[in-house]
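Chemist:
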Amino acid sequence: MTRNVGGIDRVLRIVIGLALIALAATDTVGLWGWIGVVPLATGLIGWCPPYAIFGINTCKTRTD
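Residue numbering for the sequence shown is 15 to 78, as defined by this note's numbering.
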């Protein structure tokens, strides 16, 4: 599993995931808010299965 989720993408996924989970936990948006676990997990891990399938990579490549 090579990382395919880069900096800003990861931060946005984590923030959105936490926000959805918080809204679901306070019963503001209902059960569908628990879908926030998915962006949170992909943001923390740095790998997204659909990105891998479609060949998308938002990580910066190193040019040493």
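A virtual CB, placed ideally from N, CA and C, is assigned to each residue, including glycine.
Taking the alpha carbon of G31 as the reference point, which residue from I67, W48, T40, Y65 has its own alpha carbon closest?
Modeler: That would be W48, whose Cα lies nearest to the Cα of G31.
Chemist: Would you mind reading off the limits of the alpha helix (DSSP H) that contains G57?
Modeler: Here the alpha helix (DSSP H) through G57 covers 51-59.
Chemist: Taking L37 as part of the alpha helix (DSSP H), name the residues at either end of that continuous run.
Modeler: Unbroken alpha helix (DSSP H) run through L37: 21-39.
Chemist: With distances taken between CB atoms, is the gap from A38 to L45 smaller than 9 Å?
Modeler: Yes. Within cutoff.
Chemist: How far does the alpha helix (DSSP H) with I67 in it extend, from its first residue to its last?
Modeler: Note, I67: alpha helix (DSSP H), 63-68.
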